[in-house]
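Below you'll find the structure, written out as structure tokens, and then a few comments.
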Amino acid sequence: MAFGKGCHLHLIDGSAFIFRAYHALPPLTRKSDGLPIGAVAGFCNMLQKYVEEAGGDDAPTHAAVIFDYSGKSFRNDIYDKYKANRPPAPEDLVPQFPLTRDATKAFNVACHEVEGYEADDIIATLAVQARALGGRVTIISSDKDLMQLVGGGVEMLDAMKNRRIDRDGVIEKFGVPPERVVDVQALAGDSVDNVPGAPGIGIKTAALLINEFGDLDALLSRAEEIKQPKRRETLIDKADQILMSRELVQLKEDTPLDFTIDDLEVHDPDPEVLLPFLAEMEFRTLSKRIADKMGVDAPIIEDTPVATGDDAPAPEFPPIEPEKYERVRDMEALNRWIALIEKRGYVAIDTETTSLNEMLAELVGISLAVIPGEACYIPLTHKSGASDDLFGSDELAEGQLPLQQVLDALKPILASDAVLKIGQNMKYDAKIFANYGVEVSTIDDTMLMSYAMFSGIHNHGMDALSERYLGHEPIPIKSLLGTGKSAITFDRVPIDEAVKYAAEDADITLRLWHLFKPRLHRERVTTVYETLERPLVPVLAEMERNGIQVDRDTLSRMSNAFAQKMAALEAELHEMAGHEFNVQSPAQVGQILFDEMSLEGGKKTKTGQWSTPADVLEDLATLHDFPARILDYRQLQKLKSTYTDALQTHIDPDTGRVHTSYVQTGANTGRLASTDPNLQNIPVRTEEGRRIREAFVAPEGKTLISLDYSQIELRILAHVAGIETMKQAFRDGLDIHAMTASEMFNVPLDEMTPEVRRRAKAINFGVIYGISGFGLARNLRIPRGEAQAFIDEYFKRYPGIRAYMDDTVAYAKEHGHVSTLFGRKIHTPEIGAKGPQAGFAKRAAINAPIQGTAADVIRRAMIRMPDAIKGQPAKMLLQVHDELLFEVDEDAADQLIDIAREVMESAAAPAVHLDIPLIVDAGKGANWAEAH
DNA sequence: AAATTCACG
DNA sequence: GACGTACGTGAATTTC
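Residues in the first sequence are numbered consecutively from -11, following this note's numbering.
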């Protein structure tokens, strides 16, 4: 088919794909010979995903992957330093460049490069040709240099963010339409590509000038008219340099091509070509997935034994075939399964229920798997009648074993230490069984294995793990339950459908376990999994089931009081504005502040709205009452909606208590997350907010105990960075912030002022986060230079800190991860990124070992706690990162404090010896406000 | 569903 | 003088 009207050309920026793939994946090597293939693997995955998703209405009729020609381009003739400061490609990436070309051809996608030109020039030439022929073009890239091509049927697609960039998108980025982009780039230059541009002029200023004068030529010829003397001089003096820069950024639209657009027509991949290539690369998962999609047999990839010998071969699994799973209808079948499980000693298990909230959930069915490909589902309480019948019958469907009979039969297995129960998020299933009085002992959890091995690389949900490691997309739960208001509960799902879905989950979990279990050792995280993850599951399950008593009346009274104050404030604010408006809308508040009242200092968000966060309003509050009242209103609104109102809805009707849910894989660093509701962010910093904690109470005769680690992160920093003065201060029990202030500002401790101490405290905290002059300046509201001077002084006083930071970043770059003192690995795939992400990645890498070590410490304390307080009339209720909250009989409170404090303070030992003491502060009271 | 804001350590 | 910044979370609300 000749390219023309109605055709759609996709142009993929090959280099972008390669680099993205290289940085996204760990440095994989081909097993048989050690050839680095991580980038090729990622490239193939992205290409496969692209081929899959490119279908539908918007499917391309023509497509090509365009590569840069390695070596110099015509731009080096214009300017010899063009791209001269680019570092060479990483050593292990170089051999992968030709392989990515091979991969593209193997997928039967056109693949082109032209000597002496860059990929962008070829893309530009093809885009212009395609546009002239009346077709549409999508450029798959996020490179801003390509934005000059947008418009007239040409769009860009940022595949990472899945965002289309059209003419408006370009204007948002450059402040000018696509046809003026080169003018702006010529002025602004590009430090990455070494395009000089006009010194002192960035994109913002450039756009301003171009918009004022129309285009670059007009600007240069009328440069005399520019008011700012510096700018005027630059533009006059550097005119030649600017024109040359334009030549550098202007893409060639007449690149000589030895092919035509018609040659780029889309073809399906040929399995005879693609699969052998994937086999040669030894991509097991991918070739399997693609073979499945194509309906052919996956190639057999021989396992090559590796010299080290600890690299167990990946197990071979039969295909996943949901229609083959068994439905258990009678005791004979169930007993057969039980016998098989006892013989094997392990079983993958999954429960289906009526709710994600374990406290309310009722058991609907249980699935089991012992051998990959063989799984069963035991339906228990499915209702009869069609699932689409709104008034579906409440009678039980036929052919189900009685719930209690099944539980009784499974109980010995579930409670037996001799049978390992394997689950994905077993805490959920264990809590469900606990609701029926059935204890689940000895578990393994594939979600936690993934977390221990891959934290920071990807998420750990079953669907994602299945796709990634088994190349299989599980049946979506939504396909059974639907979404939104019309969603049904699992007991209304027809049993035949439920069998496929539920048994598949158990089968997948079992397969993941077979893959992950041996790999834990290879990834050197067996100890992390065994000591910090697995034993925490029953502890968290118990805490969640304990819940904490919350007094509804207290919350309700507070809500009413807040509502009254808010109504009064709202009227006052409308009065001040001179008209009614939605006080809760940042957009409208911003408009009033910065447009109507013309206050200074406003910034826009990336969507072009005025930004009105609290720190901005706080600055404005010194000038005007309006922002001050907005702040008041917002605080009340937050307290009411998120806390006093919402918490009431979370009080369990049966227990009268609030049961949060902890997500063990919630934070990459090892911290927990708390959801539904989040009880880790109950207000405490303001007096008004802190009163909400008065609603968290101990029942009659009991008292709440709060124990929290004092300065744990700073102590860990002092330890890992080896700051002797700081460590000594902690040993001596000094005020650490005052001590820092004294060292830095040469003020004796007895002359310390609160202000000086406050600054030192901000720096101490800042260091933990990977401090910057900008961040500290904003926090302390001091000039940036002053903040930078403080930081410089700090580093001078504590050179170990700078060394720690540099070493940590270097380690992350070399290994792709950082570690806590207890061996937890936090992967840092973005550490090699360019641009602003680089800063984020570095700070995250600096912070992760500190935050993560503190998280590991409290986990160890929590894991030991149940044994330590056994026999005490006490329950552990909540964890808030460095705090544990208990409920205990009043007369046993002091004893509990002694026991729990000892466990917490000694939690690092014996695995790690810290050079500083861990100190725990304790409090008790009738409610959380008093105890804290 | 994304963006904005704000609660906590 | 251009760029973008403290680290880690979850939830409610508005806006698209």
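Yeah, the Cβ is synthetic: ideal placement off N, Cα and C, and Gly gets one too.
Residue 187 and residue 230 have their C-alpha atoms some 9 Å from each other. With 16 or more other CB atoms across the displayed protein chains lying within 10 angstroms of its CB, residue 752 is buried. Residue environment: residue 484 is assigned as exposed (fewer than 16 neighbouring CB atoms within 10 Å of its CB, all protein chains considered).
Counting only residues of its own chain and dropping the five nearest sequence neighbours on each side, residue 755 has a CB closer than 8 Å to the CB of 705, 782, 789. Annotated three-state conformation of residue -4 is strand, per DSSP.
It is roughly 25 Å from the alpha-carbon of residue 569 to the alpha-carbon of residue 546. Beta-bridge annotation (DSSP): residue 757 is not paired with any residue. Comparing alpha carbon positions, the residue from 74, 174, 1, 193 closest to residue 205 is 174. The distance from the Cβ of residue 334 to that of residue 528 is about 23 Å, inconsistent with a contact at the 8 Å cut-off. The straight-line gap separating the alpha-carbon atoms of residue 808 and residue 52 is approximately 45 Å. The continuous beta strand (DSSP E) containing residue 537 extends over residues 536 to 538.
In the displayed model, residue 915 falls within a strand according to three-state DSSP. Residue 124: member of the beta strand (DSSP E) spanning 124 to 128, first to last residue. Within the same chain, Cβ atoms closer than 7 Å to the Cβ of residue 501 are found at 336, 410, 432, 434, the five residues on either side in sequence being excluded. No Cβ-Cβ contact shorter than 7 Å links residue 460 with residue 467. Of the residues assessed, residue 343 falls on the exposed side of the cut-off, its CB having fewer than 16 other CB atoms within 10 angstroms. Taking all protein chains shown into account, residue 307 has fewer than 16 neighbouring C-beta atoms within 10 Å of its C-beta and is therefore exposed. Taking 7 Å as the cut-off, the Cβ atoms of residue 177 and residue 169 do not count as close.
Taking a C-beta distance under 7 Å as the contact criterion, residue 16 and residue 26 qualify as a contact pair.
The beta carbon of residue 446 is closer than 7 Å to those of 452, 456 in its chain, skipping five residues each way along the sequence.
For residue 451, no pairing in a beta bridge is given by DSSP. DSSP links residue 314 through a beta bridge to 364. Rounded to whole angstroms, residue 383 and residue 371 show a C-alpha spacing of 6 Å. Per DSSP, reduced to three states, the secondary structure at residue 581 is helical.
The segment 384 to 401 makes contact with the segment 310 to 320: 3 or more CB pairs, one atom from each, lie closer than 8 Å. Here residue 57 carries a coil assignment [DSSP, helix/strand/coil].
Counted as a single uninterrupted DSSP element, the alpha helix (DSSP H) harbouring residue 622 occupies residues 613 to 626. Partner residues in a beta bridge of residue 524, as assigned by DSSP, do not exist. Look at the beta carbons and you see the segment 524 to 539 touching the segment 635 to 650: at least three pairs across the two are nearer than 8 Å.
In terms of Cβ geometry, residue 28 and residue 92 do not form a close pair [threshold 7 Å]. Assignment of residue 93 by DSSP, reduced to helix, strand and coil, places it in the helix class.
When C-alpha distances from residue 759 are compared across 511, 614, 792, 661, the shortest belongs to 792. Within the segment 736 to 817, the runs of alpha helix (DSSP H) that reach at least 4 residues and sit entirely inside it are, in chain order, 742 to 756, 761 to 768, 772 to 785, 787 to 803.
Look at the beta carbons and you see the segment 550 to 560 touching the segment 617 to 626: at least three pairs across the two are nearer than 8 Å. Annotation: the continuous beta strand (DSSP E) that includes residue 353 extends over 351 to 359. Close CB contacts of residue 844 within its chain, under the 8 Å cut and outside five residues either way in sequence, are with 520, 658, 808, 809, 810, 812 (chain order).
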